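Below is one structure, written out as structure tokens, with a few remarks after it.
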Amino acid sequence: MPAKNTEGRIITVGVTGASGAAYAQSLLRLLDADRRAARVFLVATEAGLRLLSTELGVVAADGKKLPSLLTGTPAKKIEYLPNKDIGASIASGSASVDAMAVIPCSAGALGSIAAGTSGDLLTRAADVCLKERRPLVLCLRETPLNRIHLENMLRVHDAGATVMPAMPAFYYEPASIDAMVEQFCYRVLAQLGLPQQKQYRWKGGRS
Ligand SMILES: Cc1cc2nc3c(=O)[nH]c(=O)nc-3n(C[C@H](O)[C@H](O)[C@H](O)COP(=O)(O)O)c2cc1C
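Be aware that the sequence shown starts at 544, since it is given in the working numbering, and climbs by one per residue.
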């Protein structure tokens, strides 16, 4: 495991065209507010941008405005990187990135990452995480799953990724969809090395 950035964690967030844009929004808000996160790179596929528009009504003609539109505040530490820019820093293993989440992760992006094709910045950045042995969390959102999806999940798992399907839990009795989404994101952050105090912890129960 490579050394962590001492001045704060540097995290890449990839957004693809699976349903669940709210997960990306919630994760970005939490990262922007977390003092332990120094820098966040945001990269979205074309389909990802479409889903941000369809599900959240967030449309940014200028990608640089996307982080603030998503967080609802002037996002200070989130930098948007165009997916076509395969020369961006995160495309190289020499860049200081600690971990990456693809949230939500489409079956298509899962397939590209499993195949190692690295045809765009998002899948290249994910590939870099795998080769550099950095945490890569893939929040797959698809159902039902076919054999190709299942095989690809096993493939990326074996290559070092954490497959964390966007499957929220119910045992803590979430009061709202927002609360459910946020609790899921707390668990993603824990996987990225940023555990959250507000994460619900099961303390045992009676049948
Ligand atoms: C409204 C909408 C919802 C979608 N939901 C999903 C989904 O939940 N999971 C998935 O794998 N693909 C979903 N898709 C299909 C993907 O967007 C499509 O396969 C796309 O090519 C993925 O591209 P990307 O991996 O580059 O983002 C959805 C598409 C639309 C328009």
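Think of the CB as a built atom: it goes at the ideal place given N, C-alpha and C, for glycine as much as any other residue. Being a predicted model, the structure only gives us computed values, none of them experimental.
Alpha carbon to alpha carbon, what distance is there between K607 and P678?
-> Residue mapping note: residue 678 aligns to position 135 of the sequence shown, counting from 1. Residue mapping note: residue 607 aligns to position 64 of the sequence shown, counting from 1. Answer to the nearest angstrom: the Cα atoms are 26 angstroms apart.
Tell me M643's beta-bridge partners as DSSP assigns them.
-> Taking the first residue of the sequence shown as position 1, residue 643 is located at position 100. Beta-bridge pairing links M643 to T555 and L679.
Hey, is R684 close to ligand 1, as in C-beta under 6 angstroms from one of its heavy atoms?
-> Numbered from 1 along the sequence shown, position 141 holds the residue referred to as residue 684. Answer for R684: yes, Cβ within range of ligand 1.
For A750, verify whether its CB is less than 6 angstroms away from any heavy atom of ligand 1.
-> Here residue 750 is taken as the residue at index 207 of the sequence shown, counted from 1. The sequence given here has Ser at residue 750, not Ala. Result no, Cβ not under 6 angstroms from ligand 1.
Nearest-angstrom Cα separation, counted from S635 out to V586 | For the purposes of this step, residue 586 is taken as residue 43 along the sequence shown, with counting starting at 1. For the purposes of this step, residue 635 is taken as residue 92 along the sequence shown, with counting starting at 1. Using only the alpha carbons, I get a separation of about 15 angstroms.
May I have a chain-ordered list of the beta strand (DSSP E) segments no shorter than 3 residues that lie completely inside the stretch 673–750?
-> 679–683
For K627, which option in D663, D605 and E675 has the closest C-alpha, if you only look at C-alpha atoms?
-> Numbered from its first residue, the sequence shown carries residue 627 at position 84. Closest by alpha carbon: D663.
Return the Cβ separation of G736 and D641 in integer angstroms, given the expectation that the two are a contact with Cβ distance under 8 angstroms.
-> Numbered from 1 along the sequence shown, position 193 holds the residue referred to as residue 736. Numbered from 1 along the sequence shown, position 98 holds the residue referred to as residue 641. So it is a contact: roughly 7 angstroms between Cβ atoms.
A618 vs P625 beta-carbon contact at 7 angstroms = Here residue 618 is taken as the residue at index 75 of the sequence shown, counted from 1. Here residue 625 is taken as the residue at index 82 of the sequence shown, counted from 1. No, they are not a contact pair.
V671 versus L612, S632, L697 and A650, residue with shortest Cα-Cα distance = Looking up residue 671 in the sequence shown gives position 128. Here the closest residue by C-alpha is S632.
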